[in-house]
Amino acid sequence: MLKSMRDAIAYASENFGPYQHKVARIIEFPRYRRFAQSFPATMPYSEAIGFITDLRDTSRIDMVYYVVAHEVAHQWWGHQVLGPRMQGSTMMVESMAQYTALMVLEKEYGRGAMRKFLKYERDNYLRGRGQEGTGEMPLMKVENQQYIHYNKGSVVMYGLRDFIGEARVNAAYRAFVDSFAFKGAPYPTTLDLYRSLEAVTPDSLRYLVEDGLKHITFYRNAVTSANAKTNADGTWTVDVGINCAKLYTDSLGKETEVPMNDWLDVAVELEGGGEMKQRVRLRSGPNAIRLVVSRKPKAVVVDPDHLFFDREGEDDRREVE
Ligand SMILES: [Zn+2]
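Take 0 as the starting number for the sequence shown in numbering that gives the first Met the number 0 and just add one per residue.
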């Protein structure tokens, strides 16, 4: 917990601006309740979150390290910058704390752990929207809906970082903090955050900000064929067929297909472990891609890191013939 505190303070200080207090402390309370919270410089934790967590199985996500980083991040997101009482406000607090925690987690545990975490977030988002009783909102209009500002927020903010670059998106977030930290009304809205992001995003990637924040966006991707043959130099050529569609969803789940010409990762899993990953442009309908790998290929996966949402995940992976 202390290491996560130090790591999160270091990351956020470097990227978003200085920490505003002289101390940072964690308080333990009994597990009548199970939550953690962030007050100025002071973060109360249920005994059940962290203090008695069994972390001996190292293949699991270190939720203690992650939750502490999230609460520390609120010293910036929620304490330095806070929004008004309106749509989108909790994105500036919770999605930004998630993003910060994910960056700290990635530095400590590597990208492999992030794939697992993003799948967990994606699944929780899909489950959450399935239980929505009123109407699903796009991320930047979130109405304090947890499955949106936590689970979807993680995936969207991590994805923007992955495509636009950490230095660039952090420059946008720093500019946002510089403009609004410790200020009273008028408070910033997600329109201000959106403009900060737009300012650092190349034209070719603008659609990612729009799809992630303004729309409820899904892909319907399926690997329809994967055939490999050996080459004279010992490498393998893999011919892959991928069927794609992009859909915008309204608040009640009605899907409308929109034209797609987007970047997605395609990975070839190799026999004996490891993979070769490439970012490719995919269009609506059938796509044919050719990839060359150094070892015998085992399977092909579209969007292996779970950076986007696809309601039918089973057909995203196919064994190579
Ligand atoms: Zn939080």
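Backbone N, C-alpha and C define an ideal beta-carbon position, used for all residues, glycine too.
Do you know how far the Cα of residue j is from the Cα of residue i?
i: R294; j: A171; result: 41 Å
i: S58; j: E120; result: 17 Å
i: S250; j: D315; result: 26 Å
i: N123; j: G132; result: 16 Å
i: E13; j: H20; result: 15 Å
i: F217; j: M259; result: 11 Å
i: P303; j: Y10; result: 27 Å
i: K115; j: V301; result: 15 Å
i: G273; j: V292; result: 11 Å
i: A225; j: H305; result: 20 Å
What's the call for residue i, buried or exposed, on a 16-neighbour Cβ count within 10 Å?
i: P321; result: Residue numbering for the chain in the displayed model covers 0 to 320; residue 321 lies beyond these limits and cannot be assessed.
i: E320; result: exposed
i: R160; result: buried
i: A68; result: buried
i: L190; result: exposed
i: G109; result: exposed
i: Q130; result: exposed
i: A166; result: exposed
i: E70; result: buried
i: V154; result: buried
i: D261; result: buried
i: R128; result: buried
i: V199; result: buried
Helix, strand or coil for residue i? Go by DSSP, reduced to three states.
i: Y44; result: strand
i: S195; result: helix
i: K2; result: helix
i: T234; result: coil
i: L281; result: strand
i: N150; result: helix
i: K182; result: coil
i: K276; result: strand
i: L269; result: strand
i: L290; result: strand
i: K253; result: coil
i: S58; result: coil
i: I51; result: coil
i: N226; result: strand
i: G132; result: coil
i: L306; result: coil
i: F116; result: helix
Nearest to residue i by CA position, among the options, is which residue?
i: R289; options: Q277, A47, R167, V80; result: Q277
i: I60; options: P39, A100, A72; result: A100
i: C271; options: Q19, P296, P258, Y247; result: Note on residue identity: the sequence assigns Gly, not Cys, to residue 271. It is P296.
i: K240; options: R128, A287, N220; result: Before going further, note that residue 240 is Gly rather than Lys in the sequence given. For the residues R128, A287, N220, the minimum Cα distance to G240 belongs to A287.
i: E107; options: L212, R5, A225, L281; result: R5
i: S283; options: R310, A221, F307; result: A221
i: K378; options: Y149, Y98, V66; result: No answer is possible for residue 378: it lies beyond the span of the chain, which begins at 0 and ends at 320.
i: T223; options: I163, P285, L196; result: P285
i: F34; options: R24, A47, I25, G111; result: A47
i: V63; options: Q86, V299, I25; result: I25
i: Y98; options: K245, T188, H148; result: H148
i: R280; options: L212, S203, K213; result: S203
For residue i, collect the residues of the same chain with a Cβ closer than 8 Å to its Cβ; drop the 5 residues on either side in sequence, then sort them by chain order.
i: P185; result: P83
Kindly list the residues whose CB is nearer than 7 Å to the CB of residue i, restricted to its own chain and excluding five residues on each side of it in sequence; keep chain order.
i: G366; result: Residue numbering for the chain in the displayed model covers 0 to 320; residue 366 lies beyond these limits and cannot be assessed.
i: G233; result: none
i: L125; result: R310
i: L54; result: D61, V63
i: D210; result: T216
Below 6 Å CB to CB, which residues in the same chain sit around residue i once its five sequence neighbours on both sides are set aside?
i: A227; result: W235, V237, P296, V319
i: V92; result: W76, G77
i: Q36; result: P43
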